[in-house]
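J.: Here's a structure for you.
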Amino acid sequence: MTLPVSMDDKELFPKVDILNLTFSPKSEVNEDVLKQMFTSLDRLWWSRLVISVRGYVINYVQQNDEVLFSCDDAFIKIHQKLAERNSKFENAFEYLTAIFHLIREKNTLIQLISNPKTISTTKLPPVLEQSFGVVHGDLSPKAIQLTIAQLPAYTMFIKVVVNLQQRWENEKLKKKSIRFETDPEWEPDERVVLFQTFASDNRTWVLLDFDRYILQQWKPNGTSVIFGDRFVEKKKRSGLKLCTTCGMLEQKKAQFAILNDQVYCSKTCFDEVNPPMTVNNRGATVVHL
């Protein structure tokens, strides 16, 4: 069974002026349903789900660097649990359950951080301490502050997952929509990344840690995973090129270096596939491994 999802789905990704972080404490992740989804939906589907929710969130929080970068880190961890090649269901369920409990105890966290000296003496719900152990390892003021900054990421992702679980369970699959893993019309553009315009006709993709992480996870096809095959082909027809090594897309023509018909976005990508060579005093080529 597949689960069609689209960024045009207003129930999942409503177009509002302010990010809606209203959360029902009853919106728990159902272990049985999540397991069905985890085993039935492929890695690309989960990866694009994380990319979509992350893109939706960061376009609301981009004005606050602390929240932006903290949310980016949160989505990297969520992707690690759900969409890496070695991701396991048990770890994914444990992590999602933990962040659910962190969201539910938001007010407690805010009270603690307002008076950090009380953290060591305040009796906390065991599930909160356990959840912190799963997500951050300890219940320190720094970890609490980070969790509060990451709440937009946690809240939106859990809300979307719970909604999708309900659709899965109720077999609400008749709605025509885009399948993350197969549909060539997956082309969300600025809805999954940040673009900034620095000058006339200079609209640039602002790469954050999450973008670099996805490119690394899917290289050399990361740009297609993020934007879709159709978007990439359109850019290639306009004269832009992809880095041969990592798959990064040029932001303007002739931005990347070309050597022997291979395209490189950086020295790092060049060195990855071209070991450094030197010539000794007898004319022999030495490859440094």
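All residue numbers for the sequence shown refer to full-length UniProt numbering, where the first residue is 1 and numbers rise by one. Heads up, the beta-carbon is just placed ideally off N, CA and C, and yes, glycines get one too.
To the nearest angstrom, how far is it from the Cα of V193 to the Cα of E31?
T.: In a straight line, the C-alpha of V193 is about 30 Å away from that of E31.
J.: Starting from V67, follow the alpha helix (DSSP H) in both directions and report where the run begins and ends.
T.: Note, V67: alpha helix (DSSP H), D65 to A83.
J.: According to DSSP, simplified to helix, strand and coil, what is V286?
T.: Per-residue confidence for V286 stands at a pLDDT of 45, beneath the threshold of 50, marking its modelled position as unreliable; the derived number appears in the next sentence. Three-state result, V286: strand.
J.: Hey, how far is the Cα of L164 from the Cα of L109?
T.: 28 Å
J.: Excluding the 5 residues preceding and the 5 following K236 in the sequence, name in chain order all residues of the same chain whose CB lies nearer than 8 Å to its CB.
T.: Taking C-beta separations shorter than 8 Å and ignoring five residues to either side along the sequence, the partners of K236 in its chain run L242, following chain order.
J.: Could you compute how far the alpha carbon of K176 sits from the alpha carbon of S47?
T.: The pLDDT assigned to K176 is 48, lower than 50, so where the model puts this residue is not dependable; a value taken from the coordinates is nonetheless given after this. So the alpha carbons of these two residues sit roughly 21 Å apart.
J.: Is I99 helix, strand or coil when you go by DSSP?
T.: helix
J.: To the nearest angstrom, how far is the alpha carbon of R167 from that of S40?
T.: 14 Å
J.: With 16 other CB atoms within 10 Å as the buried threshold, where does K252 fall?
T.: Within a 10 Å sphere around the beta-carbon of K252 sit fewer than 16 other beta-carbons, which makes this residue exposed.
J.: Pull up the distance between the alpha-carbon of L289 and that of T97, whole angstroms please.
T.: Its pLDDT being 36, under 50, L289 is placed unreliably by the model, and nothing is read from it.
J.: Do I214 and V232 come within 9 Å of each other at the CB atom, strictly closer than that value?
T.: no
J.: Could you give the first and the last residue of the continuous beta strand (DSSP E) run that contains A257?
T.: A257 to L259
J.: Let me know if K123 comes out buried or exposed under the rule of 16 or more other beta-carbons within 10 Å of its beta-carbon.
T.: exposed
J.: Would you call the CB atoms of I119 and I144 closer than 9 Å?
T.: Going by C-beta atoms, I119 is nearer than 9 Å to I144.
J.: In the DSSP assignment, find the beta strand (DSSP E) that holds Q262 and state where it starts and stops.
T.: Q262 to Y264
J.: By a C-beta neighbour count over all protein chains shown, 10 Å radius and 16 as the cutoff for buried, is V161 buried or exposed?
T.: buried
J.: Here's the rule: buried if 16 or more other CB atoms are within 10 angstroms of the residue's CB, otherwise exposed. What is P141?
T.: exposed
J.: For K172 and R43, I'd like the C-alpha separation in whole angstroms.
T.: Summary for K172: the model assigns pLDDT 48, below 50, so the residue's position carries little reliability, and this model does not support an answer.
J.: S70 and Q150 - do their beta-carbons sit closer together than 9 Å?
T.: yes
J.: Give the secondary structure of K176 by DSSP, where H, G and I count as helix, E and B as strand, and everything else as coil.
T.: Confidence is the limiting factor: at K176 the pLDDT is only 48, short of 50, which leaves the residue's position unreliable, though a coordinate-based value still follows. The answer is coil: DSSP assigns K176 none of H, G, I, E or B.
J.: Would a C-beta distance cut-off of 9 Å place L34 and F93 closer than the cut-off?
T.: yes
J.: Identify whether M206 lies in helix, strand or coil by the three-state DSSP scheme.
T.: Strictly speaking, residue 206 in this sequence is Val, with Met absent from that position. Reduced to three states, the DSSP call for V206 is strand.
J.: For L139, does the three-state DSSP call read helix, strand or coil?
T.: coil
J.: Answer yes or no: do V50 and L82 have a C-beta to C-beta separation smaller than 9 Å?
T.: yes
J.: Can you find the residues in the same chain that come closer than 6 Å, C-beta to C-beta, to Y56, ignoring five residues on each side of it along the sequence?
T.: F13
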